[in-house]
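Trainee:
Protein chains: 2
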Amino acid sequence: MVAYKKSSVACSECQIRNRAVCSQCDDDELSKLEKIKFYRTYPAGQTIALTGQDMDFVASVVTGVASLTQTMEDGRTQIVGLMLPSDFLGRPGRQGVMYDVAATTEVTLCCFHRKPFEELMVTTPHLIQRLLEITLDELDAAREWMLVLGRKTAREKIASLLSIIARRYAKLHKTPPNKAVDFDLPLTRDAMSDYLGLTLETVSRQMSALKKDGIIELEGKRHIRVPDMERLIAEAGDDADGGVLS
Amino acid sequence: MVAYKKSSVACSECQIRNRAVCSQCDDDELSKLEKIKFYRTYPAGQTIALTGQDMDFVASVVTGVASLTQTMEDGRTQIVGLMLPSDFLGRPGRQGVMYDVAATTEVTLCCFHRKPFEELMVTTPHLIQRLLEITLDELDAAREWMLVLGRKTAREKIASLLSIIARRYAKLHKTPPNKAVDFDLPLTRDAMSDYLGLTLETVSRQMSALKKDGIIELEGKRHIRVPDMERLIAEAGDDADGGVLS
DNA sequence: AAGTTTGTTTGATCTGAATCAAAGACCAGA
DNA sequence: TCTGGTCTTTGATTCAGATCAAACAAACTT
Numbered sequence: 001m002v003a004y005k006k007s008s009v010a011c012s013e014c015q016i017r018n019r020a021v022c023s024q025c026d027d028d029e030l031s032k033l034e035k036i037k038f039y040r041t042y043p044a045g046q047t048i049a050l051t052g053q054d055m056d057f058v059a060s061v062v063t064g065v066a067s068l069t070q071t072m073e074d075g076r077t078q079i080v081g082l083m084l085p086s087d088f089l090g091r092p093g094r095q096g097v098m099y100d101v102a103a104t105t106e107v108t109l110c111c112f113h114r115k116p117f118e119e120l121m122v123t124t125p126h127l128i129q130r131l132l133e134i135t136l137d138e139l140d141a142a143r144e145w146m147l148v149l150g151r152k153t154a155r156e157k158i159a160s161l162l163s164i165i166a167r168r169y170a171k172l173h174k175t176p177p178n179k180a181v182d183f184d185l186p187l188t189r190d191a192m193s194d195y196l197g198l199t200l201e202t203v204s205r206q207m208s209a210l211k212k213d214g215i216i217e218l219e220g221k222r223h224i225r226v227p228d229m230e231r232l233i234a235e236a237g238d239d240a241d242g243g244v245l246s
Numbered sequence: 247m248v249a250y251k252k253s254s255v256a257c258s259e260c261q262i263r264n265r266a267v268c269s270q271c272d273d274d275e276l277s278k279l280e281k282i283k284f285y286r287t288y289p290a291g292q293t294i295a296l297t298g299q300d301m302d303f304v305a306s307v308v309t310g311v312a313s314l315t316q317t318m319e320d321g322r323t324q325i326v327g328l329m330l331p332s333d334f335l336g337r338p339g340r341q342g343v344m345y346d347v348a349a350t351t352e353v354t355l356c357c358f359h360r361k362p363f364e365e366l367m368v369t370t371p372h373l374i375q376r377l378l379e380i381t382l383d384e385l386d387a388a389r390e391w392m393l394v395l396g397r398k399t400a401r402e403k404i405a406s407l408l409s410i411i412a413r414r415y416a417k418l419h420k421t422p423p424n425k426a427v428d429f430d431l432p433l434t435r436d437a438m439s440d441y442l443g444l445t446l447e448t449v450s451r452q453m454s455a456l457k458k459d460g461i462i463e464l465e466g467k468r469h470i471r472v473p474d475m476e477r478l479i480a481e482a483g484d485d486a487d488g489g490v491l492s
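Same order as they appear, the protein sequences are chains A and B. Going by this note's numbering, the residue at position 93 of the first sequence is 93; the numbering climbs one at a time, nothing skipped. Going by this note's numbering, the residue at position 121 of the second sequence is 367; the numbering climbs one at a time, nothing skipped.
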């Protein structure tokens with residue numbers, strides 16, 4: 001167990017990006033990561049190809065939002081994963097990805113070439129350990145979301161989504177607890193509906209309802225203010241400390 | 247990469263159980279697993295406690311079915327994971343499990359004491375690798391199920407569940423493809439409804455409808471025969487090779 | 001500044017699944 | 001063989017969310 005220490009190779013944008021990949025790597029290991037690292041930015045709507053002849057990579061999200069989508073032949077779609085800043089994209093040691101990965105907003109990735117990354121994994125056991133941890137977190141998030149999709153009402157679904165995003169933002173910006181949370185919603189109504197298993201009309205109606213009831217405040221279509229997180233969480237039907245991606 | 251070879255320590259019940267935990271372990275490693283192994287059987291309905299002072303363990307399912315359940319305060323429940331034979335229960339290296347784990351039918355587990363199992367993981371890198379693989383499979387299953395919960399109709403949901411179980415049974419009993427598949431449904435209508443995000447009445451109605459349409463045949467309440475898997479899979483709205491737990 | 005595109009809101013109506021209710025079926029045990 | 005319990009089916013009704021439809025708002029053309 002190597003204690004956390006600030007490193008010269010910490011990501012210049014945010015200080016935590018490489019640490020998001022492995023918080024236990026020492027400077028030497030991080031500098032190896034550094035060597036195989038590059039950045040890419042994708043405009044909103046663009047598909048992110050994680051494989052391809054000499055452009056295979058895994059990545060962590062630096063800014064923006066990407067989403068994993070599954071589609072049925074008749075066009076019904078379900079977003080099965082929202083990747084927010086610090087989330088990890090790609091599966092080292094696995095061949096094809098079975099989902100569409102697409103930028104939902106403009107998204108910047110901190111990428112690592114797959115081959116050398118996988119080689120690094122072999123010689124760095126705690127990197128695999130860390131990947132297992134990340135995957136278990138994703139599994140928890142997916143299962144929590146199964147409860148949302150299977151058993152929650154439209155209003156609860158919206159509140160669940162908003163509280164996840166609000167909490168992430170609050171953490172990122174270190175908003176003190178029980179202060180109002182302010183953020184830009186990184187999803188269109190349509191994307192929200194695909195994540196929640198609803199139609200966009202229902203999403204719009206429930207957003208209006210939450211606004212009317214003072215649970216959220218809207219400035220324009222996208223900017224949201226949550227005056228009281230407790231109330232929003234209660235609307236989501238979660239117990240106090242719940243929350244998929246927290 | 248160690249080639250598969252039959253080992254004296256392969257599970258006496260089914261030849262594959264330890265292999266289900268790690269197919270790459272050599273005889274020496276398997277015999278270490280052997281030393282920390284024991285079996286437990288739980289009657290239907292009983293909670294399976296994976297932690298507890300000196301009874302911490304991880305396990306793989308040998309026979310029967312266990313389920314992971316999430317519950318809201320008001321009692322709404324969602325089964326977030328069905329553990330069929332050869333599935334792995336418990337999370338090495340992680341503290342609490344956040345779901346209820348319960349036997350759905352009588353279930354026999356092949357258990358490994360947690361502490362020594364985790365120690366073995368440290369000295370056996372491909373065990374972690376294997377656990378990562380297992381976890382990624384579970385993640386795929388969970389995400390496939392998100393599509394089922396979010397976007398499929400009641401009839402498609404039922405067909406999806408039946409085709410998963412039928413495929414598992416077909417594999418286990420090596421039923422040749424495009425032969426009829428025969429199996430005992432290991433779930434009550436109530437458990438089915440909790441897995442599918444429906445009510446048990448809807449489950450019952452749709453089962454009757456599928457029967458009337460000749461997609462499935464029922465003998466008694468629980469024994470099911472699928473004369474044509476292709477048709478069942480088509481009803482599930484999946485493309486040919488889909489299927490969560492395959 | 002008018003016209004187009006893209007995203008959003010709101011209204012009217014319809015429908016699939018939930019809910020409420022009751023009756024069968026299949027047991028284990030006396 | 002009856003009897004109470006658990007599980008399942010079926011029927012009648014209701015309702016949350018889908019669908020169909022139209023208008024609105026902001027951002028880009030040119």
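A virtual CB, placed ideally from N, CA and C, is assigned to each residue, including glycine. Since the model is a prediction, treat every value here as computed from it, not as a measurement.
What does B/S306 pair with, by DSSP beta-bridge criteria?
Mentor: Residue mapping note: residue 306 of chain B aligns to position 60 of the second sequence, counting from 1. Bridge partners of B/S306: B/F334 and B/C356.
Trainee: Going residue by residue through the region 430-472 of chain B, where are the continuous beta strand (DSSP E) segments of at least 3 residues, counting only ones entirely within it?
Mentor: Runs found: 463-465 and 469-472.
Trainee: Give the interface partners of B/P371 over in chain A, defined as CB-CB distance under 9 Å, in chain order.
Mentor: Position 125 of the second sequence holds residue 371 of chain B. By Cβ distance, chain A contributes V122, P125 and I128.
Trainee: Spell out whether any CB of chain A is found under 8 Å from the CB atom of B/E447.
Mentor: As a working note, residue 447 of chain B is residue 201 in the second sequence. Not closer than 8 Å to any Cβ of chain A, the Cβ of B/E447 fails to qualify, so no.
Trainee: Taking A/R76 as part of the beta strand (DSSP E), name the residues at either end of that continuous run.
Mentor: By one-based count along the first sequence, residue 76 of chain A stands at place 76. Taken as a continuous stretch (DSSP letters only), A/R76 belongs to no beta strand (DSSP E), as it is neither H nor E.
Trainee: Pick out whichever of A/T123, A/C110, A/R114 and A/T77 has its Cα sitting closest to the Cα of A/C25.
Mentor: Within the first sequence, the letter at position 25 stands for residue 25 of chain A. Of the listed residues, the one whose Cα sits closest to A/C25 is A/T123.
Trainee: Can you check which of these residues, A/H113, A/H126, A/L68 and A/D137, is closest to A/V80 by C-alpha distance?
Mentor: The count along the first sequence starts at 1 and reaches residue 80 of chain A at position 80. Of A/H113, A/H126, A/L68 and A/D137, the residue nearest in Cα terms is A/L68.
Trainee: Is the beta carbon of A/L132 less than 8 Å from the beta carbon of B/I374?
Mentor: Along the first sequence, read from residue 1 onward, the residue named residue 132 of chain A stands at position 132. Along the second sequence, read from residue 1 onward, the residue named residue 374 of chain B stands at position 128. Yes, the pair counts as a contact, with Cβ atoms nearer than the cut-off.
Trainee: Is the CB of A/A20 under 8 Å away from at least one CB in chain B?
Mentor: Stepping through the first sequence from its first residue, residue 20 of chain A is reached at position 20. It does not; no Cβ of chain B falls within 8 Å.
Trainee: Are A/F117 and A/P92 closer than 8 Å when you measure CB to CB?
Mentor: Locating residue 117 of chain A in the first sequence gives position 117, where the first residue counts as 1. Locating residue 92 of chain A in the first sequence gives position 92, where the first residue counts as 1. Yes, Cβ-Cβ distance for A/F117 and A/P92 is below 8 Å.
Trainee: Buried or exposed for B/V248, going by 16 or more other Cβ atoms inside 10 Å?
Mentor: Mapped onto the second sequence, residue 248 of chain B falls at position 2. Low local confidence applies: a pLDDT of 34 at B/V248 is under 50, so the model's placement there is unreliable, with the coordinate-based value given in what follows. Looking at its Cβ environment, which holds fewer than 16 other Cβ atoms inside 10 Å, B/V248 is exposed.
Trainee: When the Cα atoms are used, what is the spatial distance from A/R231 to A/L162?
Mentor: Taking the first sequence and counting its residues from 1, the one referred to as residue 231 of chain A is at position 231. Taking the first sequence and counting its residues from 1, the one referred to as residue 162 of chain A is at position 162. Near 12 Å, if we compare the C-alpha coordinates of A/L162 and A/R231.
Trainee: Compute the Euclidean distance between the alpha carbons of B/M367 and B/I380, then round it to the nearest angstrom.
Mentor: Walking along the second sequence from the start, residue 367 of chain B turns up at place 121. Walking along the second sequence from the start, residue 380 of chain B turns up at place 134. Distance between the alpha carbons of B/M367 and B/I380: 14 Å.
Trainee: Spell out a yes or no on whether the region 440-451 of chain B and the region 352-362 of chain B are touching, meaning 3 or more CB-CB pairs, one atom from each, closer than 8 Å.
Mentor: No, they do not touch.
Trainee: Tell me which residue opens and which closes the beta strand (DSSP E) that B/R389 is part of.
Mentor: Within the second sequence, residue 389 of chain B is the residue found at index 143, counting from 1. Counting along the chain, B/R389 falls outside any beta strand (DSSP E), though it belongs to the alpha helix (DSSP H) covering P371 to R397.
Trainee: So which residues of chain A does B/D386 contact, with C-beta pairs closer than 8 Å?
Mentor: Your numbering for residue 386 of chain B matches position 140 in the second sequence. Near B/D386 (Cβ distances below 8 Å), the residues of chain A are M98.
Trainee: Just mark B/K283 as buried or exposed, buried being the case when its beta carbon has 16 or more other beta carbons within 10 Å.
Mentor: If you number the second sequence from 1, residue 283 of chain B lands on position 37. Its Cβ being crowded by 16 or more others within 10 Å, B/K283 is buried.
Trainee: Drop a sphere of 10 angstroms on the beta-carbon of A/Q70, count the other beta-carbons inside from all chains shown, and report buried for 16 or more, exposed for fewer.
Mentor: Reading the first sequence from its first residue, position 70 is the one you call residue 70 of chain A. Buried, by the Cβ-count rule.
Trainee: Closer than 8 Å, Cβ to Cβ, to anything on chain A: give me those residues from the region 327-341 of chain B, in chain order.
Mentor: Those would be G327, R337, G339 and R340, in chain order.
Trainee: Helix, strand or coil: which one does DSSP assign to B/M301?
Mentor: The residue you call residue 301 of chain B lines up with position 55 of the second sequence. Three-state result, B/M301: coil.
Trainee: Please list the partners that B/G321 has in chain A, where partner means a Cβ-to-Cβ separation under 9 Å.
Mentor: Residue numbering aside, residue 321 of chain B sits at position 75 when the second sequence is read from its first letter. Neighbours of B/G321 on chain A: none; closest Cβ ~10 Å, over 9 Å.
Trainee: Quick check on this structure: which residue in B/E447, B/F429, B/E463 and B/L464 has the alpha carbon closest to the alpha carbon of B/A416?
Mentor: Here residue 416 of chain B refers to the residue found at position 170 when the second sequence is read from its first residue. When only C-alpha atoms are compared, the closest one is B/F429.
Trainee: For A/Q78 and chain B, any beta-carbon pair shorter than 8 Å?
Mentor: Locating residue 78 of chain A in the first sequence gives position 78, where the first residue counts as 1. Yes, its Cβ sits closer than 8 Å to a Cβ of chain B.
Trainee: What in chain A is Cβ-close to B/Q316, meaning under 8 Å?
Mentor: Residue mapping note: residue 316 of chain B aligns to position 70 of the second sequence, counting from 1. R143, E144, M146 and L147, listed in chain order.
Trainee: List, in chain order, every chain B residue whose beta-carbon is nearer than 8 Å to that of A/T135.
Mentor: Along the first sequence, one-based indexing puts residue 135 of chain A at 135. Here the neighbours are L378, T381, L382 and L385.
Trainee: State yes or no: is the C-beta of B/R451 within less than 8 Å of the C-beta of B/E463?
Mentor: Here the question's residue 451 of chain B lines up with position 205 in the second sequence. Here the question's residue 463 of chain B lines up with position 217 in the second sequence. Not closer than 8 Å, so no.
Trainee: Suppose you measure from the CA of A/T202 to the CA of A/K152; what does that come to, to the nearest Å?
Mentor: What you label residue 202 of chain A is simply residue 202 of the first sequence in a count that begins at 1. What you label residue 152 of chain A is simply residue 152 of the first sequence in a count that begins at 1. Taking the straight line from one Cα to the other gives about 14 Å.
Trainee: Taking a contact to mean a Cβ-Cβ separation below 8 Å, would you say B/L330 touches B/V347 in this structure?
Mentor: On the second sequence, residue 330 of chain B is found 84 positions in, with the first residue counted as 1. On the second sequence, residue 347 of chain B is found 101 positions in, with the first residue counted as 1. Not closer than 8 Å, so no.
Trainee: Run the CB neighbour count on A/P43, radius 10 Å, all protein chains shown included, and call it buried at 16 or more, exposed below.
Mentor: In the first sequence, counting from the first residue as 1, residue 43 of chain A sits at position 43. Classification for A/P43: exposed.
Trainee: Contact defined as beta carbons within less than 8 Å: I believe B/T350 pairs with B/L433. What is the distance between those atoms, to the nearest angstrom?
Mentor: By 1-based counting over the second sequence, the position of residue 350 of chain B is 104. By 1-based counting over the second sequence, the position of residue 433 of chain B is 187. At roughly 6 Å, the Cβ-Cβ gap stays under 8 Å, so B/T350 and B/L433 are in contact.
Trainee: So which residues on chain A does B/R435 lean against when the C-beta distance must stay under 7 Å?
Mentor: For the purposes of this step, residue 435 of chain B is taken as the residue at position 189 of the second sequence. Per Cβ cutoff of 7 Å: no residues; B/R435 is ~16 Å from chain A at best.
Trainee: Since A/Q78 and B/L393 are thought to touch, with beta carbons under 8 Å apart, how far apart are those beta carbons, to the nearest angstrom?
Mentor: For the purposes of this step, residue 78 of chain A is taken as residue 78 along the first sequence, with counting starting at 1. For the purposes of this step, residue 393 of chain B is taken as residue 147 along the second sequence, with counting starting at 1. That belief holds up - the Cβ atoms of A/Q78 and B/L393 are roughly 4 Å apart, short of 8 Å.
Trainee: Rounding to the nearest angstrom, what Cα-Cα distance links A/S222 and A/E156 in this structure?
Mentor: Residue mapping note: residue 222 of chain A aligns to position 222 of the first sequence, counting from 1. Residue mapping note: residue 156 of chain A aligns to position 156 of the first sequence, counting from 1. According to the sequence shown, residue 222 of chain A is Arg rather than Ser. Going from the Cα of A/R222 to the Cα of A/E156 covers about 19 Å.
Trainee: Would B/I404 and B/L328 be called neighbours here (beta carbons separated by less than 8 Å)?
Mentor: Numbered from 1 along the second sequence, position 158 holds the residue referred to as residue 404 of chain B. Numbered from 1 along the second sequence, position 82 holds the residue referred to as residue 328 of chain B. Cβ distance not < 8 Å, so B/I404 and B/L328 don't count as in contact.
Trainee: Can you list, in chain order, the residues of the region 165-198 of chain A whose Cβ is nearer than 8 Å to any Cβ on chain B?
Mentor: Here the close residues are L196 and G197.
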